[in-house]
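Input: a single structure, listed below in structure tokens.
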Amino acid sequence: MKHAFELTVALVFSVLVAKAQPSGTPLTPRQLTDSLELLMDRSDIPGIMLTIVKDDSTIFSGGLGVKDKGTNSQVDGSTLFRLGSITKSFVALGVLRLVEEGKFSLEDEVKALVPEIDFENSFEPEHPVRVKHLLSHTAGFDDMHLNEVYNTSDTVVYPLRKVLEQHKKTLKVRWQPGTRYAYSNPGWTVAGYLIEKYAEQPYDEFITETVLSPIGMKTSNFKSVPEGQAYSKGYDGTGNEVPFLPIYHRPAGAFNSNANDMARFLSFWINRGMVDSAQVFPSKVLDLMEAPAYTIANQAGLPVGYGLGNYTFDTQLPASFHGHDGGIDGFSSSYGYNSQYGIGYAISNNAGKGMGDLVNLIKQFLVQDISVARPATQALDVEAMKQYEGYYLFKASRNQIFAFIDRIFSTCEVTIDNDTLYLKQFMKDRFPVLPVANQGGEGYLFAGLKDYVPSHVFVPTDKGEPVLATAVVGNYLERVKYSSVLTKRLLLVVSLVMLVSSCFATLVWLIFAIRKSLAWQEFFRRMVPSLVVVGLIMIATGLFGTINKLSEAGEPNVNGWLIYLGGWIILFSAFLSTRFGIMNFKLGEKKAFSVYYILLAFSCVIVTLFLYDAGWMGLKVWEY
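The numbering used here runs 2 ahead of the 1-based position in the sequence shown.
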């Protein structure tokens, strides 16, 4: 009887799971929307705007679910969603409109065009930041700091020049421009300002007149504070409504659109700039935007990556897509298309999550009838590739303050075994990549077993240093000594383990102190190393709190103070622990205890040095 009951429960559960998940690739538009609704229900997504184009015909343009949970109002083709970074595609078109008009060129130096914008480039004059670098995320700028995301005022929209003056710390070139990709929103504010200066009008007005209107995107806009019933409300991961907060870097992410307008935008791309029998943009401009050609990896032949406000992605689908993703509090968005096959999609949800599964399902639907051969592979040139064996470290951090994480964990080992080249990322199984003929550059191209286009390239820098770049946008890795990475990794892990052990030891010593078998003065001296753990918890708590409330990061608050004080507590603990460790030997403490305490003190110092090197020691988030 027991087994029968368990079998019944298992069967019921399997049925429920089957109903909760899409099964296979949707074959029809109705099956697609049904599958999307299942995913929405599973991920607690209230509503989505959706446009699907296939065979150059719009087969769906509208919405699923609700735009307002309070009123249960439905999403339709006219409902406006915040599209976040998809804004960049439109700003790029605005810049290229001015290029077409002869106002400046993509090769022009930004300093010469806008000398009033102050940014630091130690690679001048040989390697200046050019206009093309702004539009391809290859200038080397840092991304937005934690305190420069949201403008908490509901009314003030700061001029772009003022934004750049107030947040110029991000405008520091960290490596030679035009070598590697690192996503940087501030660079697009510079691009927006460039439009304003040479169009002699606000960037959003110029783009509306010269891009949106000719395409026929009648209701799309760049409002920072959307109002009215036409807009969907946004919700966070817990389902709570997210307020419409304006962002400082508006050209990077302040754009609102709907399914009907995005249908026209997709048609614009698929028909190579032709709209209603009128050539709105020369097709060569669109070709230029789509071509990833602005990093040493792309110049060496890697065919995927970031062009000018436009990604080329999807190595494991029979048709690669161009387009862009976007995210802003309460919303997650994406559009993609392939002109060759006349397919495309635009989607945004008002939950700010779950976009990956939705987009993957749409892409599978769009490419189901496409059949192409995978790239022809060839025998590995073992002698040529031996120079690229070794250990590689990620060297293109989006935010410099988080680079220390990449330096420890974002690694890849390259080995040759039985005439096959293998890659092994940190804490993952190694996998083979196969050599592919390179028609477009000097690098060595490789493809994974499931790839339809090359996904990896090996190329030397101008100094001859080996570089590995991958199809995952931004994955630029330089070869390093394995011993240096391993040493840092071991030191950090061992130090953290030691410090955690000090917390347990502190509890034991506390019991001894309460029982009066240990002097309270001695207890306080012994528990000092455990304060490092307290400081780390304070920093972690403050960081998570700051990320969850970026709108408050510009002012001193509890989260900011936790990060700031946590760093100083760690430094104070390291100093006292070192001093007390030396004292233990002088006082003739038991050898075992003295050695243990010295190890704790050493661990405190190691953690302090890591934090100092990473820029987290005494960090004032509100001033960063």
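The C-beta atom is built at its ideal place from N, Cα and C for all residues, glycine as well. This one's a predicted model, so the numbers in the text were calculated from it and none came from an experiment.
* Would you list the residues sitting across from R132 in a DSSP beta bridge? => Per DSSP, the beta-bridge partners of R132 are E111.
* Kindly indicate which residue of G194, V461, G392, Y478 has the alpha-carbon position closest to the one of V116. => V116 has its Cα closest to that of G194, out of G194, V461, G392, Y478.
* Asked: For the alpha helix (DSSP H) that contains S596, what are its first and last residues?
  -> Start and end: 593-616.
* List the residues that DSSP assigns as beta-bridge partners of A280. => Paired residue(s): V277.
* Asked: Would S596 pass as a contact of F587 if the rule is Cβ separation under 7 Å?
  -> Between S596 and F587, the CB-CB gap stays under 7 Å.
* Give the straight-line distance between the Cα atoms of V165 and P468, rounded to the nearest whole angstrom. => Their backbone Cα atoms lie some 38 Å apart in a straight line.
* Which whole-angstrom value is the C-beta distance of F106 and V133, which I expect to be below 8 Å? -> The Cβ separation is near 6 Å, so the contact holds.
* To do: Measure how close the beta-carbons of T53 and L363 come, nearest whole angstrom, since I'm counting them as under 8 Å.
  => For T53 against L363, the beta-carbon gap comes to about 15 Å, at or over 8 Å, which does not count as contact.
* To do: State the DSSP-derived secondary structure class of F267, mapped to helix, strand or coil.
  => Correct three-state label for F267: helix.
* Asked: So which of A375, G307, K490 has the shortest CA-CA distance to Y454?
  -> Measuring C-alpha to C-alpha distances from Y454 to each of A375, G307, K490 identifies A375 as the nearest.
* Asked: Who are the near neighbours of V536 in its chain, counting only those whose CB is closer than 7 Å to its CB and skipping five residues on each side?
  -> Result list for V536: I571, in chain order.
* To do: Would you identify the three-state DSSP class for V97, choosing helix, strand or coil?
  => V97: helix per DSSP, three-state reduction.
* To do: Just confirm the distance between the C-beta atoms of T140 and Y183, as a whole number of angstroms; I'd bet it's less than 8 Å.
  => Going by Cβ atoms, the distance from T140 to Y183 rounds to 6 Å, so yes, they are a contact pair.
* Inter-residue Cα distance where the pair is E243 and P48 -> A straight-line Cα-Cα distance of about 11 Å links E243 and P48.
* To do: Within the same chain, show all residues whose beta-carbon is closer than 6 Å to that of A265, passing over the 5 residues directly before and after it, in chain order.
  => T53, T60, S63, listed in sequence order.
* **L621, buried or exposed, once every other Cβ within 10 Å from all chains shown has been counted against 16** => Buried.
* Asked: Hey, how far is the Cα of L288 from the Cα of T314?
  -> Going by the C-alpha atoms only, they are around 13 Å apart.
* Asked: Under a Cβ-count criterion, where at least 16 other Cβ atoms within 10 Å of its own Cβ denotes burial, should F526 be classed as buried or exposed?
  -> So F526 ends up on the exposed side.
* Can you tell which of A473, A603, D464, S412 has the C-alpha that lies nearest to the C-alpha of S503? -> Among A473, A603, D464, S412, the Cα nearest to that of S503 belongs to A603.
* To do: Tell me whether M429 is buried or exposed, calling it buried when 16 or more other Cβ atoms sit within 10 Å of its Cβ.
  => By the Cβ-count criterion, M429 is exposed, with fewer than 16 other Cβ atoms from all chains shown falling within 10 Å of its own Cβ.
* To do: With a threshold of 16 other CB atoms inside 10 Å of the CB of L302, please say whether the residue is buried or exposed.
  => Per the sequence shown, residue 302 should be read as Ala rather than Leu. So A302 counts as buried.
* Asked: By DSSP, does D371 sit in helix, in strand, or in coil?
  -> Look at D371 here: in three-state DSSP terms it is coil, with no helix or strand label.
* **Within 7 Å, strictly: CB atoms of G547 and I330** => Contact: no.
* Just mark G466 as buried or exposed, buried being the case when its beta carbon has 16 or more other beta carbons within 10 Å. => Residue burial annotation: G466 is exposed, with fewer than 16 other C-beta atoms found within 10 angstroms of its C-beta.
* Out of curiosity, what's the CA-to-CA distance linking P161 and D206? -> Each residue's alpha carbon lies about 12 Å from the other.
* To do: State yes or no: is the C-beta of M291 within less than 7 Å of the C-beta of G309?
  => Contact flag set, yes.
* When the Cα of V77 is compared with those of N312, E39, E444, D278, which residue comes out closest? -> By alpha-carbon distance to V77, the top candidate from N312, E39, E444, D278 is E39.
* How about S553 and Y152: are their beta carbons less than 7 Å apart? -> A distance below 7 Å separates the beta carbons of S553 and Y152.
* To do: Report the residue from A378, F367, Q318 whose alpha carbon sits nearest the alpha carbon of R32.
  => Among A378, F367, Q318, the Cα nearest to that of R32 belongs to F367.
* Asked: Just checking my contact of Y347 with G338 at CB under 8 Å: how many whole Å lie between their CB atoms?
  -> With 8 Å as the limit, Y347 and G338 qualify as a contact, their Cβ atoms being about 6 Å apart.
* Quick one: grab the DSSP three-state call for F574. => Note: F574 maps to helix in three-state DSSP.
* Excluding the 5 residues preceding and the 5 following I600 in the sequence, name in chain order all residues of the same chain whose CB lies nearer than 7 Å to its CB. => G583.
* Asked: To which residues does DSSP link H324 through a beta bridge?
  -> DSSP output for H324 lists T314, Y339 as bridge partner(s).
* Out of curiosity, what's the CA-to-CA distance linking C505 and A594? -> Distance between the alpha carbons of C505 and A594 is about 18 Å.
* Among I410, A405, F433, F125, the one whose alpha carbon lies nearest that of V416 -> Cα-wise, what sits closest to V416 is F433.
* Please say whether S215 and V159 have beta carbons closer to each other than 7 Å? => In terms of Cβ geometry, V159 and S215 do not form a close pair [threshold 7 Å].
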